[in-house]
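Here the structure comes first, spelled out in structure tokens, and everything after it is commentary.
Residue numbers (this note's numbering): 661 to 969.
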């Protein structure tokens with residue numbers, strides 16, 4: 661008990677130092693969190709009054725699908741054995757390409773269209789979505805700065821990271837990565853528009869398989885047993901279920917919340933791709949296959965959007 665209390669006190673002290681050291685990031689994250697919480701409260705009241713409905717059900721089903729697809733990829737690692745780093749980087753590049761295309765065609769453009777239906781003044785609809793994107797970037801920047809986790813290219817980072825095992829730091833890093841994907845699923849169903857929700861959800865489920873596989877292989881390299889690596893990698897997919905709930909919660913109420921929510925999630929996803937995924941795919945010197953994978957993923961998302969949208 662005393663040891664746990666000491667660890668908790670140590671983490672709080674480390675977090676306080678980080679907040680003071682990176683005060684602008686802390687202020688930005690606080691603004692984004694306040695907006696998200698206000699939207700959650702307001703939209704939760706609307707949801708209770710309307711009895712939840714089909715939108716919430718679709719979002720939750722999409723979140724469950726995100727978890728399942730991550731688990732499928734993770735347990736594929738048991739059957740496939742070792743995969744070359746070049747192949748892993750290509751698969752992650754493919755996932756990054758799908759995320760970039762989904763952010764553009766299934767989040768930003770529908771967000772601008774939704775804002776245009778509410779605001780007839782030129783440029784303002786775009787400003788609404790860009791504002792949402794800024795909030796998403798601030799949210800992810802703050803979470804990245806103040807949550808203990810580990811990147812292969814940077815090592816442990818965040819307050820109190822020296823007291824947490826490497827496996828759990830890596831788990832937290834992937835969980836942060838999966839949060840905006842789950843939020844994207846939730847937001848995409850907020851307007852009950854299947855032409856937005858279905859292609860985006862399908863894309864995320866599809867790209868979760870190589871992601872789950874790559875995470876399981878990385879955890880095996882961190883000295884976990886193959887089965888435990890698959891289980892822990894699958895667990896990161898639970899953040900998609902949580903993210904889907906948050907996504908539908910922030911964008912399912914007042915009309916303007918929908919384009920803001922789409923922009924917020926797009927900003928968060930683009931941040932993750934640029935800050936996490938692309939650097940990881942280039943870390944081993946496989947820039948060309950990773951870039952070709954990214955282009956393939958972008959093209960695949962275009963096909964999905966055309967076929968299902």
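Note that beta-carbon positions come from the ideal geometry of N, C-alpha and C, so glycine has one too.
{"Check": "Reference residue 738, options 700, 673, 854, 884, closest by Cα", "Outcome": "884"}
{"Check": "CB contact flag (residue 749, residue 940, <9 Å)", "Outcome": "yes"}
{"Check": "Runs of alpha helix (DSSP H) lying entirely within the segment 684 to 760, each at least 4 residues, in chain order", "Outcome": "714 to 740"}
{"Check": "Alpha-carbon to alpha-carbon, residue 783 and residue 953", "Outcome": "34 Å"}
{"Check": "Beta-carbon contacts of residue 918 that lie in its chain and below 6 Å, excluding the five residues immediately before and after", "Outcome": "774, 850, 851, 911"}
{"Check": "Residue 780 - DSSP class collapsed to helix/strand/coil", "Outcome": "coil"}
{"Check": "Three-way DSSP call (helix, strand, coil) for residue 804 in this model", "Outcome": "helix"}
{"Check": "Residue 830 versus 807, 768, 845, 848, residue with shortest Cα-Cα distance", "Outcome": "807"}
{"Check": "Burial state of residue 948, where buried means 16 or more other Cβ atoms lie within 10 Å", "Outcome": "exposed"}
{"Check": "For residue 729 and residue 844, the rounded distance between their alpha carbons", "Outcome": "15 Å"}
{"Check": "Rounded C-alpha distance that separates residue 837 from residue 936", "Outcome": "8 Å"}
{"Check": "Three-way DSSP call (helix, strand, coil) for residue 916 in this model", "Outcome": "coil"}
{"Check": "Distance, residue 922 Cα to residue 966 Cα", "Outcome": "19 Å"}
{"Check": "Residue 905 beta carbon less than 9 Å from that of residue 846", "Outcome": "yes"}
{"Check": "Backbone CA spacing between residue 795 and residue 698 [nearest angstrom]", "Outcome": "13 Å"}
{"Check": "Coil, strand or helix - residue 943 by DSSP", "Outcome": "coil"}
{"Check": "Beta-carbon proximity of residue 726 to residue 924, cut-off 9 Å", "Outcome": "no"}
{"Check": "Close-in-space but distant-in-sequence residues of the same chain around residue 874 (CB under 7 Å, 5 per side omitted)", "Outcome": "748, 751, 752"}
{"Check": "Local conformation of residue 851 per DSSP, three classes", "Outcome": "coil"}
{"Check": "Cβ shell of residue 907 (< 6 Å), same chain only, five flanking positions each side left out", "Outcome": "843, 846, 847"}
{"Check": "Boundaries (first-last residue) of the alpha helix (DSSP H) holding residue 933", "Outcome": "Element bounds for residue 933: n/a, residue is neither H nor E."}
{"Check": "Separation of residue 685 from residue 799, as counted between CA atoms", "Outcome": "9 Å"}
{"Check": "Anticipated Cβ contact below 8 Å, residue 769 with residue 931, distance rounded", "Outcome": "With 8 Å as the limit, residue 769 and residue 931 do not qualify as a contact, their Cβ atoms being about 19 Å apart."}
{"Check": "Secondary structure of residue 884, DSSP reduced to three states", "Outcome": "coil"}
{"Check": "Simplified DSSP state of residue 897, which is helix, strand or coil", "Outcome": "coil"}
{"Check": "Beta-carbon proximity list for residue 960, same chain, < 7 Å, skipping 5 on both sides", "Outcome": "758"}
{"Check": "DSSP state of residue 682 mapped onto helix, strand, coil", "Outcome": "coil"}
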